[in-house]
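**Student:**
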Amino acid sequence: MGEAVDVVALGEVLVELRTDQPVRSADTIRLGFSGDVLNAAAAAAAAGARTALFSVVGDDELGDAIVARAEELGIDTGAVVRSPRSNGLYLVSADVSGERQFLYWRDGSAGSTLSPDHVEAARGLFERAKGLVFSGIAMAISPTARAAALRAMHLVAAHGGTVTYDPNARPKLTSPADARAALADVAPHADVVTPSCPVDARFLFDTDDADAVVAETLALGAGAVAITRGTDDVVLADRSTRTLVPVPDNPDAVDATGAGDVFAGTLTARRAQGDELARAVRLGIAAASLSVSGLGGTGYIPGLVETRRLAASEGMGRNEGR
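Heads up: the sequence shown is residues 27 to 348, going by the working numbering.
#1: Quick one: give me the first and last residue of the beta strand (DSSP E) that Thr-254 is part of.
#2: Helix or strand or just coil, what does DSSP make of Asp-204?
#3: Excluding five sequence neighbours on each side, which residues of the same chain lie with their C-beta closer than 8 Å to the C-beta of Arg-334?
#4: May I ask you to report which of helix, strand or coil DSSP gives Arg-334?
#5: If contacts are defined as beta-carbon pairs under 8 Å, then Tyr-191 and Ser-161 qualify, I think. What distance do you get, rounded to the angstrom?
#6: Which residue wins for smallest C-alpha separation from Thr-294, given the options Pro-328, Ser-60, Ala-71 and Ser-51?
#7: Give the secondary structure of Gly-247 by DSSP, where H, G and I count as helix, E and B as strand, and everything else as coil.
#8: Quick one: complete alpha helix (DSSP H) runs, 4+ long, within the segment 269-306?
#9: If you count every other CB in all the chains shown that lies within 10 Å of the CB of Phe-128, and 16 or more means buried, which is it?
#10: Thinking C-alpha only, which one of Ala-290, Val-318 and Thr-45 is nearest Arg-120?
#11: Can you name the start and end residues of the alpha helix (DSSP H) that Thr-170 belongs to?
#12: For Asp-287 and Ala-173, what's the separation of their Cα atoms in angstroms?
#13: Note the first and the last residue of the continuous beta strand (DSSP E) segment covering Glu-42.
#14: Considering just the uninterrupted stretch of the beta strand (DSSP E) at Arg-56, what are its terminal residues?
#15: Do Ala-35 and Val-159 have their beta-carbon atoms positioned less than 8 Å apart in this structure?
#16: Buried or exposed, going by whether 16 or more other CB atoms sit within 10 Å of the CB of Glu-38?
#17: Taking C-beta to C-beta, are Ala-183 and Val-189 nearer than 8 Å?
#18: Which residues does DSSP list as the beta-bridge partners of Asp-192?
#19: Buried or exposed for Leu-209, going by 16 or more other Cβ atoms inside 10 Å?
#20: Taking 8 Å as the cut-off, does the segment 83-101 touch the segment 314-322 (at least 3 CB pairs, one atom from each stretch)?
#21: What did DSSP end up calling Leu-316 once you bin it into helix, strand or coil?
#22: Going along the chain, which residues of its own chain have a beta-carbon closer than 8 Å to the beta-carbon of Asp-53, five neighbours each way excluded?
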């Protein structure tokens, strides 16, 4: 890629199979594409940033479809690497109570082969990028993917770009100790870390206390922390301020899949476009709230005009100092 981009989203894209029924009785399954990196990249592109996807996908018809879907979402796919390995896949279904259930098949996937060599081959992309967004999933899917994520992070940060890191805890992929180690590696270079509470908070720090998560994450060296808490206010804090930012109500919510990814992607895009962190966070919250109106991670990605309109209606948030 010769031209500079605003945001690079790094990680694994997954094939999504979806049914609204329990697995044993399902008779209809819909095909889609998701994964935190695709969701975040789609949100960043919709938020006005020229966004590149950095991932490895299978060199097959499903890989072709992933690339085509990313391009439909306005994402630059020039840096996507193709592999003879199969794409990772997951099935999302409903249990008898209607709660979503996830089954994953990603061991040895194309995405897990991401390596520092791939990053070096695209070094200029990272050196010119204004922002990088990636997650704890990229840090957990394989040792080479972890090394690739860290190499990309160092390149972006060394050349003045911002780094957004979503811990995105996945107990089936990693252990609390390894997830904490990943956070410790990333935090000193991250402008903002976006853990969820209670899920990431419990997994990483064995607590439901958002303030404890703030303290722990800042102590590791992060520039700021934005803790998402479902429909409760987002806690945005750095070493001098603590702000509660309201989450808009969405009466049309149908699926929260990928909302945290949309938050991180929008936030990264707006920072790359020059917005102050507090404003970027408000826009990220608004985009995430709107995104739950669609099924799947990219079922509904709001545009910047709609996102700005909703963010403006919610005000600035409450600054509580320290």
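By construction, the Cβ of each residue, glycine as well, lies at the ideal position given by its N, Cα and C atoms.
**Tutor:** Working from what's here:
#1: 251-255
#2: helix
#3: Leu-309 and Ala-312
#4: helix
#5: 7 Å
#6: Ala-71
#7: coil
#8: 285-298
#9: exposed
#10: Correcting the residue type first, residue 120 is Ala in the shown sequence and not Arg. The shortest Cα separation from Ala-120 among Ala-290, Val-318 and Thr-45 belongs to Thr-45.
#11: 169-184
#12: 21 Å
#13: 40-44
#14: 56-60
#15: yes
#16: buried
#17: yes
#18: Ser-161
#19: buried
#20: no
#21: helix
#22: Gln-47
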